[in-house]
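*Asks:* I have a structure here, written as structure tokens, and I will follow up with some questions on it.
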Amino acid sequence: MLLFFILGLLVHFVFFGSIFDIYFTSPLVHGMTPQFTPLPPPAKRLVLFVADGLRADALYEFDENGNPRAPFIRNIIMHEGSWGISHTRVPTESRPGHVALIAGFYEDVSAVAKGWKENPVGFDSLINESKYTWSWGSPDILTMFAKGVGGDHIYTYTYDAESEDFGAHDVTKLDTWVFDHVKEFFHAARNNQSLFSKVNEEKIVFFLHLLGIDTNGHAHRPTSREYKDNIKVVDDGIKEIVSILEHFYGNDGKTAFIFTSDHGMTDWGFHGAGHPSETLTPFVTWGAGIKYPQKVSAQKFDDAFLKEWKLENWKRQDIHQADVAPLMASLIGVPFPLNSVGILPIDYLNNTDLFRAESMFTNAMQILEQFKVKMTQKKEAILPFFFTPFKLLSESKQLNILRKARSYIKQRKYDEAVSLCKELIHLALKGLSYYHTYDRFFLGVSVVLGFVGWTSYASLLIIKSHSNLTRGVSKEVKKPSHLLACSFIAIGVLVAFFLLIQDCPWTYYVYCLLPIPIWYAVLREFRVIQDFVLSLLTFPLSQLVAYLFIFILGIEVLVLSFFYRYTLTAGLVAFACWPFITQLRTRAKSISLSWIFFSLLLAVFPLMPVVGRKPDIFLVMGAGSLVLLLSLCVVTSLLKRKDRFINEELLLHLFQMLSIVLSMYVVYTTHDSLLKKQGLPLFNQIISWITLASSFVLPLLSPTSLFERLFSILLSSMSAYLLLSTGYEALFPLVLSCLMFVWIQVEQETLRQPSVSYKQKVTSLQFTCSPDITQFRQLYLDDVRRAFFLVFFLVTAFFGTGNIASVNSFDLASVYCFLTVFSPFMMGALMMWKILIPFVLVMCAFEAVQLTTQLSSKSLFLMVLIISDIMALHFFFLVKDYGSWLDIGTSISHYVIVMSMTIVLVFLNGLAHLLTTKKLELCGKPKSHLI
0 MLLFFILGLL
10 VHFVFFGSIF
20 DIYFTSPLVH
30 GMTPQFTPLP
40 PPAKRLVLFV
50 ADGLRADALY
60 EFDENGNPRA
70 PFIRNIIMHE
80 GSWGISHTRV
90 PTESRPGHVA
100 LIAGFYEDVS
110 AVAKGWKENP
120 VGFDSLINES
130 KYTWSWGSPD
140 ILTMFAKGVG
150 GDHIYTYTYD
160 AESEDFGAHD
170 VTKLDTWVFD
180 HVKEFFHAAR
190 NNQSLFSKVN
200 EEKIVFFLHL
210 LGIDTNGHAH
220 RPTSREYKDN
230 IKVVDDGIKE
240 IVSILEHFYG
250 NDGKTAFIFT
260 SDHGMTDWGF
270 HGAGHPSETL
280 TPFVTWGAGI
290 KYPQKVSAQK
300 FDDAFLKEWK
310 LENWKRQDIH
320 QADVAPLMAS
330 LIGVPFPLNS
340 VGILPIDYLN
350 NTDLFRAESM
360 FTNAMQILEQ
370 FKVKMTQKKE
380 AILPFFFTPF
390 KLLSESKQLN
400 ILRKARSYIK
410 QRKYDEAVSL
420 CKELIHLALK
430 GLSYYHTYDR
440 FFLGVSVVLG
450 FVGWTSYASL
460 LIIKSHSNLT
470 RGVSKEVKKP
480 SHLLACSFIA
490 IGVLVAFFLL
500 IQDCPWTYYV
510 YCLLPIPIWY
520 AVLREFRVIQ
530 DFVLSLLTFP
540 LSQLVAYLFI
550 FILGIEVLVL
560 SFFYRYTLTA
570 GLVAFACWPF
580 ITQLRTRAKS
590 ISLSWIFFSL
600 LLAVFPLMPV
610 VGRKPDIFLV
620 MGAGSLVLLL
630 SLCVVTSLLK
640 RKDRFINEEL
650 LLHLFQMLSI
660 VLSMYVVYTT
670 HDSLLKKQGL
680 PLFNQIISWI
690 TLASSFVLPL
700 LSPTSLFERL
710 FSILLSSMSA
720 YLLLSTGYEA
730 LFPLVLSCLM
740 FVWIQVEQET
750 LRQPSVSYKQ
760 KVTSLQFTCS
770 PDITQFRQLY
780 LDDVRRAFFL
790 VFFLVTAFFG
800 TGNIASVNSF
810 DLASVYCFLT
820 VFSPFMMGAL
830 MMWKILIPFV
840 LVMCAFEAVQ
850 LTTQLSSKSL
860 FLMVLIISDI
870 MALHFFFLVK
880 DYGSWLDIGT
890 SISHYVIVMS
900 MTIVLVFLNG
910 LAHLLTTKKL
920 ELCGKPKSHL
930 I
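For the sequence shown, numbering that gives the first Met the number 0 gives the first residue as 0, with consecutive numbering after it.
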């Protein structure tokens, strides 16, 4: 059975990874010829300002006094340049945002593995194509464009990574550091002949990365005074830098300026998904080669932004984020980045019609080069009779469009040439997408076959080993024929050969070959399948249909909860009504009342505000106080119930209560310190990490009696959870645990029937590492309900704490008791543990349910995995790469969350078993427990 779980874990890792191979492989191709406009560029130099984490509405709106929040930028919009909104794509993170701006293509998810910092794949960029580039800002961003680039034409100036501290007194220093060093640089250039000659070259770039706004947004949220004041700091800094540059170059009119952002930010200070607050960023450009402001009476946009920002009379020109790269390349006359998929926004260009047409032609040639290379690579990798070319852009059509466009330019029909070039670009981009997703259907079918096969095999294993459904039908044991084994081996060889001659990546072998042994294992059990079908035929048809309907309805409720959190409230209300349709209401009134009360109390949490609520430290303090009160009641009860209460046990309970008190102290004082902008106190940080570490050990010192061990786990979990809480979610594990304690007793009460003769009191049960397998019973239909209850409680454990089904469902303020300096992996790990703590509480209760109902943990857990896998398959079909970026990001998030939940369940099952059954002895002295 252990081998089965290991194989199951590997299979689920494959299913999890498949989404990235099917939907998110690297779009890059290599081997293209550089393309550049053969006319003199309008600018000698480009200055790129990127205000990290700046939302479009935050920049363009007016402040509380009716004044522009960024007066210098608004003056540019109204008197000197052009403006619009830059639409970013998922994932809305710093690295992919900057890659889109500077390299012109949208990052694949492989960059996650390196924290968005380094280059997992090599790519060309505007910085690489420039004569010289000087950049100032964050080490996370600047180094990725300099790393691996040949030559010595890129110069980076960065501050220490430790400066990115969310708890710092004033994080605007990250921006003032950049402005101060740029001023020092130009002052030094006047006295350094070598540097002076370099900065007076053509085709040079100055890149200023401004991280203060993003850091303030994470630390204080975008609606905060700190975030808004930081915008004013950036606006003043840009005004000063522009003045210094114009003075340095003698107002020669050869400098182009661009001000934009890599991504926005949600109201709760996070980014990564596709909400408009994350994907809408400002774009303002002025200087050499840029059109002056254009007054208009009507605009084509149907949103309310223009009126809110009082810019309805100034022409707004929206662009996609990748379009910025070809615009910058056109302005200073460098080759377009080789992998750019951006379309040159010629409406921003203030130049001759010839220059605009030639630039558009260059853009079309550059993207067409990528299409040709992509098509050639795919054609060479596929057998000729299997290859289906992209019919909309044949070789003859390419030549025809290029010939016509060149002819139009010679005839000075520039608008017609531009129109043809745009048509060619759109066709080439469609073709790139076609070849990039060429294998998607093939891989998708393979993964679905694996999914269905695995779920079928797990179901057969339950039916065969843990149920009575096949008993008394046919006991003849028949070995599978050699023909079946040989057939599957032959299929495997054929598939492997087919993949080999097409030079497919190794992951294709995994996805395509994995279903073969799985389905072989399924068909080997054909006698079980036959017996199962015969058993089902003995049931009334109406009863089977009713059970199937209830099962499907339960699955759909779980799926709907990812879209509508209040579905969980409806489910918990239905749970509260459950005793009324069973005999529980009359057989165990007090337990039934407790079940109804805590089910309804837990039902409130999915209705609470999602992440983004304001921190409420008093709710965290209230949760801690309730835990302390409950602890006193439990200790008093144990003292009365036991003839003698062992000193070590009493000390353990007191130590855990002290840990709760310390957690409350740390949360309160840390919150106060950060409000005063005094940073994270070192003492608080040390206590937080010690508390977190001890929460894994302390439960192992408690007695293994069911009630005491579960309560010890609750206390240790709560001490860590309080440190990670910012508001009402601190109450959630307490209410959830109370319901779990009642669930354990409810499930035991449901077994009081003729088929089960043995029943112990919950208080007398002991967790044990080696359970007596003779006490285990076979599965009944009611056990499917128990498995469904567990999955429902796990989903509630995720959404009940204010999370939403999105990858941006996090609040960085949760980790401020542990660290405030930006560290993506460490912060991510802490936030993941916060999510997992309620899961651990549910899984530990599940261990107790298995003990009280005399069920094999393997059988019940297999049913849980099957339900989870059906949900995962459901979301696999819902993943899409079309529509709004919010829809795309949400569909991806759903699949990632449910697959992560399934994989984590395997680990949590082992962790829960460890926490409930293992016992650490102090000083080597065994303890006796008198109950």
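Don't be surprised by glycine CBs; every beta carbon is placed ideally from N, CA and C.
Compute the beta-carbon to beta-carbon distance between residue 369 and residue 431, rounded to the nearest angstrom, for a pair I have assumed lies under 8 Å.
*Replies:* For this step, residue 369 is matched to residue 370 along the sequence shown. For this step, residue 431 is matched to residue 432 along the sequence shown. Right, the Cβ-Cβ distance comes to about 6 Å (below 8 Å), so this counts as a contact.
*Asks:* Between the C-alpha atoms of residue 758 and residue 777, what's the straight-line distance to the nearest angstrom?
*Replies:* Counting from one through the sequence shown, the residue named residue 758 turns up at place 759. Counting from one through the sequence shown, the residue named residue 777 turns up at place 778. Residue placement at residue 758 cannot be trusted, given a pLDDT of 48 that sits under 50; what the coordinates show is reported in the next sentence. So the alpha carbons of these two residues sit roughly 16 Å apart.
*Asks:* With a floor of 3 residues, list each beta strand (DSSP E) that falls wholly inside the stretch 39–123, ordered by position along the chain.
*Replies:* With a minimum length of 3 residues, the continuous beta strand (DSSP E) runs that stay inside the stretch 39–123 are 44–50 and 80–86.
*Asks:* Report the start-end ranges of each alpha helix (DSSP H) in the stretch 703–743 that is 4 residues or longer and not cut off at the edges.
*Replies:* Those alpha helix (DSSP H) runs which fall completely within the stretch 703–743 and span 4+ residues are 705–722.
*Asks:* Note the first and the last residue of the continuous alpha helix (DSSP H) segment covering residue 446.
*Replies:* Residue mapping note: residue 446 aligns to position 447 of the sequence shown, counting from 1. Its alpha helix (DSSP H) spans residues 439–465.
*Asks:* In whole angstroms, what separates the C-alpha of residue 616 from that of residue 810?
*Replies:* The sequence position of residue 616 within the sequence shown is 617, counting from 1. The sequence position of residue 810 within the sequence shown is 811, counting from 1. The alpha-carbon atoms of residue 616 and residue 810 are separated by roughly 15 Å.
*Asks:* Pick helix, strand or coil for residue 899, following the three-state DSSP scheme.
*Replies:* Taking the first residue of the sequence shown as 1, we reach residue 899 at position 900. The answer is helix: DSSP assigns residue 899 an H, G or I state.
*Asks:* In the DSSP assignment, find the unbroken alpha helix (DSSP H) run with residue 153 in it and report its ends.
*Replies:* Your numbering for residue 153 matches position 154 in the sequence shown. Careful: residue 153 lies outside any alpha helix (DSSP H), inside the beta strand (DSSP E) at 153–157.
*Asks:* Roughly how many angstroms separate the alpha carbons of residue 583 and residue 597, rounded to a whole number?
*Replies:* Residue mapping note: residue 583 aligns to position 584 of the sequence shown, counting from 1. Residue mapping note: residue 597 aligns to position 598 of the sequence shown, counting from 1. Going from the Cα of residue 583 to the Cα of residue 597 covers about 16 Å.
*Asks:* Considering only the alpha carbon of each residue, which of 865, 624, 566 and 245 lies closest to residue 185?
*Replies:* As a working mapping, residue 185 is identified with position 186 in the sequence shown. With distances taken between Cα atoms, residue 185 lies closest to 245.
*Asks:* Among residues of its own chain, excluding the 5 on either side of residue 712, which ones have a beta-carbon nearer than 6 Å to its beta-carbon?
*Replies:* Taking the first residue of the sequence shown as position 1, residue 712 is located at position 713. Answer for residue 712: 698, 843 and 914, listed in chain order.
*Asks:* Does residue 930 come out as helix, strand or coil in the three-state DSSP assignment?
*Replies:* For the purposes of this step, residue 930 is identified with residue 931 of the sequence shown, where counting begins at 1. Caution applies to residue 930, whose pLDDT of 36 falls short of 50 and renders its modelled position unreliable; the value that the coordinates give is listed next. Reduced to three states, the DSSP call for residue 930 is coil.
*Asks:* Using 8 Å as the threshold, is the C-beta distance between residue 208 and residue 135 below it?
*Replies:* Locating residue 208 in the sequence shown gives position 209, where the first residue counts as 1. Locating residue 135 in the sequence shown gives position 136, where the first residue counts as 1. Against a cut-off of 8 Å, the Cβ pair of residue 135 and residue 208 comes out as a contact.
*Asks:* Within a Cβ cutoff of 7 Å, which residues of the same chain sit near residue 161, ignoring the five residues on either side of it in sequence?
*Replies:* Your numbering for residue 161 matches position 162 in the sequence shown. The answer, listed in chain order, is 820.
*Asks:* My guess is that residue 177 and residue 513 are in contact by the Cβ rule of under 8 Å, so how many angstroms apart are they, rounded?
*Replies:* Along the sequence shown, one-based indexing puts residue 177 at 178. Along the sequence shown, one-based indexing puts residue 513 at 514. Not quite, the Cβ-Cβ distance comes to about 50 Å (not below 8 Å), so this is no contact.
*Asks:* In whole angstroms, what is the alpha-carbon distance linking residue 47 and residue 654?
*Replies:* Here residue 47 refers to the residue found at position 48 when the sequence shown is read from its first residue. Here residue 654 refers to the residue found at position 655 when the sequence shown is read from its first residue. Cα to Cα, residue 47 sits roughly 56 Å from residue 654.
*Asks:* Please state whether DSSP places residue 329 in a helix, a strand or coil.
*Replies:* As a position in the sequence shown, residue 329 is number 330, starting the count at 1. DSSP places residue 329 in helix when its eight states are reduced to three.
*Asks:* Counting beta carbon pairs with one atom in the stretch 339–353 and one in the stretch 312–320, are three or more of them shorter than 8 Å?
*Replies:* Yes, the stretch 312–320 touches the stretch 339–353.
*Asks:* Checking 8 Å against the spacing of the C-beta atoms, do residue 210 and residue 277 come in under that value?
*Replies:* To locate residue 210, count along the sequence shown from 1; it is residue 211. To locate residue 277, count along the sequence shown from 1; it is residue 278. Cβ atoms of residue 210 and residue 277: not closer than 8 Å.
*Asks:* Could I get the ranges of all uninterrupted alpha helix (DSSP H) runs contained in the stretch 583–624, with 4 residues as the minimum, in chain order?
*Replies:* Whole alpha helix (DSSP H) segments, 4+ residues: 583–586 and 588–601.
*Asks:* Assign residue 2 to buried or exposed, taking buried as 16 or more other Cβ atoms, counted over all protein chains shown, within 10 Å of its Cβ.
*Replies:* The count along the sequence shown starts at 1 and reaches residue 2 at position 3. Exposed, by the Cβ-count rule.
*Asks:* Rounded to whole angstroms, what's the CA-CA distance from residue 325 to residue 252? Just pull it up for me.
*Replies:* Numbered from its first residue, the sequence shown carries residue 325 at position 326. Numbered from its first residue, the sequence shown carries residue 252 at position 253. Computed Cα separation, rounded: 21 Å.
*Asks:* Examine the Cβ distances between the stretch 91–103 and the stretch 6–22 and report whether three or more of them are shorter than 8 Å.
*Replies:* No: fewer than three Cβ pairs fall under 8 Å.
*Asks:* Grab me the residues of residue 361's own chain with a C-beta within less than 7 Å of its C-beta, minus the 5 sequence neighbours each way, in chain order.
*Replies:* Here residue 361 corresponds to residue number 362 of the sequence shown, with the count starting at 1. Excluding sequence neighbours, residue 361 sits near 34, 35, 36 and 335.
*Asks:* What is the C-beta distance between residue 918 and residue 703, in whole angstroms, given that I count them as a contact (C-beta under 8 Å)?
*Replies:* Numbered from its first residue, the sequence shown carries residue 918 at position 919. Numbered from its first residue, the sequence shown carries residue 703 at position 704. Confirmed, about 5 Å.
*Asks:* Out of 281, 872, 203 and 220, point me to the one whose CA is closest to residue 165's CA.
*Replies:* As a working mapping, residue 165 is identified with position 166 in the sequence shown. That would be 220, whose Cα lies nearest to the Cα of residue 165.
*Asks:* Are the Cβ atoms of residue 728 and residue 800 separated by less than 8 Å?
*Replies:* Numbered from its first residue, the sequence shown carries residue 728 at position 729. Numbered from its first residue, the sequence shown carries residue 800 at position 801. The answer is yes: Cβ separation under 8 Å.
*Asks:* Quick check on this structure: which residue in 167, 764, 58 and 391 has the alpha carbon closest to the alpha carbon of residue 280?
*Replies:* Taking the sequence shown and counting its residues from 1, the one referred to as residue 280 is at position 281. Of 167, 764, 58 and 391, the residue nearest in Cα terms is 58.
*Asks:* Can you tell me whether DSSP reads residue 373 as helix, strand or coil?
*Replies:* For the purposes of this step, residue 373 is taken as residue 374 along the sequence shown, with counting starting at 1. Residue 373 falls in the helix class under three-state DSSP.
*Asks:* Does DSSP put residue 208 in a helix, in a strand, or in coil?
*Replies:* In the sequence shown, the residue the question calls residue 208 occupies position 209. Correct three-state label for residue 208: strand.
*Asks:* Please say whether residue 790 and residue 557 have beta carbons closer to each other than 8 Å?
*Replies:* To locate residue 557, count along the sequence shown from 1; it is residue 558. To locate residue 790, count along the sequence shown from 1; it is residue 791. Closer than 8 Å, so yes.
*Asks:* Nearest to residue 396 by CA position, among 78, 665, 419 and 269, is which residue?
*Replies:* Within the sequence shown, residue 396 is the residue found at index 397, counting from 1. Per the Cα distances, 419.
*Asks:* Could you check where the beta strand (DSSP E) with residue 222 kicks off and where it finishes?
*Replies:* Your numbering for residue 222 matches position 223 in the sequence shown. Residue 222 -> no beta strand (DSSP E), and no H or E assigned at all.
*Asks:* Helix, strand or coil: which one does DSSP assign to residue 665?
*Replies:* Along the sequence shown, read from residue 1 onward, the residue named residue 665 stands at position 666. Helix at residue 665.
*Asks:* Among residues of its own chain, excluding the 5 on either side of residue 283, which ones have a beta-carbon nearer than 7 Å to its beta-carbon?
*Replies:* Against the sequence shown, residue 283 aligns to sequence position 284. Answer for residue 283: 72, 75, 76, 80, 82 and 258, listed in chain order.
*Asks:* Span of the beta strand (DSSP E) holding residue 255?
*Replies:* Residue mapping note: residue 255 aligns to position 256 of the sequence shown, counting from 1. It spans 254–259 - the beta strand (DSSP E) in which residue 255 sits, taken as one unbroken run.
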